[in-house]
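Here's the structure we're looking at; comments come further down.
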Amino acid sequence: MAMPKENVRVLISQEDLERRVAEMAEQVNRDYSDAGDSLVCIGVLKGSVFFLVDLLKRLTFPVKVDFFQTASYGSGMTAGEVRIRKDVDLPLRGKDVLLIEDIVDTGHTLRTVLSLLRFRGAQSVRLCALLDKAERREVEVQIDYCGFTIEDLFVVGYGLDFDERYRNLPYIGVLETSTEPDPPSPS
Ligand code: IMP
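Going from the sequence shown to the numbering used here is simple: count from 1 and add 23.
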């Protein structure tokens with residue numbers, strides 16, 4: 024029987040990621056230069072972790088870091104429903120919040136998380152997303168800092184996974200599956 028084989032084609036190289044993340048960090052440094060120590064950076068687990076670390080290492084002022092984890096499209100849930108699996112621990116009242124996400128796809132996850140952060144009393148909430156699959160959007164989400172707009176492709180690497188694999192690739196790649204015939208069995 025033919026087995027499906029997965030190949031990863033490079034879409035955004037390691038060098039391009041490094042360059043763009045450095046540009047985004049410069050922009051955040053400029054915009055929050057007066058924030059004092061009130062900025063709380065919140066990553067959405069697990070996909071944002073590689074991006075968050077690289078971005079935050081380039082910030083020139085102290086920030087607090089926390090994480091959110093969501094679960095979506097699980098059994099017993101309707102499409103677009105988002106559940107909080109891990110909440111933030113830090114108090115957000117009166118704080119400036121920078122939400123850091125790997126990719127915005129339909130927008131359901133971010134819309135839920137952003138409204139929850141505002142409900143918690145954050146003074147300001149901005150969204151920083153590495154990738155934007157704009158043509159897949161179902162609900163409107165404002166991205167304040169966007170790394171790259173990409174086509175409607177399933178991507179992996181730099182934190183993004185397929186079935187928990189490929190997160191540690193240092194680049195963003197497109198997962199391509201081909202069906203190749205098995206090698207002939209020895210006679
Ligand atoms: P949304 O709620 O549809 O915007 O989904 C956002 C989440 O879906 C992201 O945080 C990712 O975890 C996941 N996701 C969407 N597109 C991709 C992709 O191309 N590769 C890997 N994960 C993806």
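Beta carbons are placed, not taken as given, at the ideal position from N, Cα and C, and that holds for glycine. Please read all numbers here as calculations on a predicted model, not as lab measurements.
If we call anything under 8 Å between Cβ atoms a contact, is residue 171 one with residue 65?
Not in contact: residue 171 and residue 65 (Cβ atoms no closer than 8 Å).
Comparing alpha-carbon positions, which option in 61, 108 and 104 lies nearest residue 87?
The alpha carbon of residue 87 has as its nearest neighbour, out of 61, 108 and 104, the alpha carbon of 61.
Can you name, in chain order, every residue of its own chain whose Cβ lies under 8 Å from the Cβ of residue 32, other than the five neighbours on each side?
Correct list, in chain order: 196, 197 and 199.
Within the same chain, show all residues whose beta-carbon is closer than 6 Å to that of residue 73, passing over the 5 residues directly before and after it, in chain order.
The beta carbon of residue 73 lies closer than 6 Å to those of 181 and 182 in the same chain, with the five residues before and after it left out.
Note down the Cα distance separating residue 178 from residue 79, rounded to an integer number of angstroms.
Answer to the nearest angstrom: the Cα atoms are 23 Å apart.
Please find out if some non-hydrogen atom of the ligand IMP comes closer than 7 Å to the beta-carbon of residue 73.
No, since every heavy atom of the ligand IMP falls outside the 7 Å radius drawn around the Cβ of residue 73.
Quick check on the DSSP output: the alpha helix (DSSP H) that includes residue 129 runs from which residue to which?
For residue 129, there is no enclosing alpha helix (DSSP H), since its DSSP letter is neither H nor E.
Indicate whether the contact test is met: 3 or more Cβ pairs, each with one atom in the region 126-141 and one in the region 152-159, closer than 8 Å.
Contact between the region 126-141 and the region 152-159 is present: three or more C-beta pairs spanning the two stretches fall below 8 Å.
When you compare only the Cα positions, how much space is there between residue 143 and residue 30?
So the alpha carbons of these two residues sit roughly 43 Å apart.
Sorted by chain position, which residues of the same chain lie with C-beta nearer than 8 Å to residue 113's C-beta, five sequence neighbours on each side aside?
Cβ-Cβ distances below 8 Å link residue 113 to 63, 87 and 89 in the same chain, with the five nearest sequence neighbours on each side left out; the list follows chain order.
With distance defined between alpha-carbon atoms, name the residue in 189, 107, 176 and 165 nearest to residue 68.
Residue 107 is the option with its Cα nearest to residue 68.
Between the Cα of residue 161 and the Cα atoms of 40, 48 and 104, which residue gives the shortest distance?
Looking at the Cα atoms, 104 is the closest of the given residues.
Kindly indicate the opening and closing residues of the beta strand (DSSP E) around residue 171.
In this chain, the beta strand (DSSP E) harbouring residue 171 covers 168-172.
Which residue from 138, 118 and 163 puts its Cα closest to that of residue 146?
With distances taken between Cα atoms, residue 146 lies closest to 118.
Any non-hydrogen atom of the ligand IMP within 7 Å of residue 156 CB:
Answer for residue 156: yes, Cβ within range of the ligand IMP.
Just checking my contact of residue 151 with residue 115 at CB under 8 Å: how many whole Å lie between their CB atoms?
That belief does not hold up - the Cβ atoms of residue 151 and residue 115 are roughly 16 Å apart, past 8 Å.
What are the boundary residues of the beta strand (DSSP E) that residue 106 is part of?
105-109 is the extent of the beta strand (DSSP E) around residue 106.
Can you list, in chain order, the residues of its chain with a C-beta nearer than 7 Å to that of residue 217? Leave out the 5 residues immediately preceding and following it.
Given a span of 24 to 210 for the chain in the structure shown, any question on residue 217 remains unanswerable.
Best match in 133, 84 and 75 for proximity to residue 53 [C-alpha to C-alpha]:
With distances taken between Cα atoms, residue 53 lies closest to 84.
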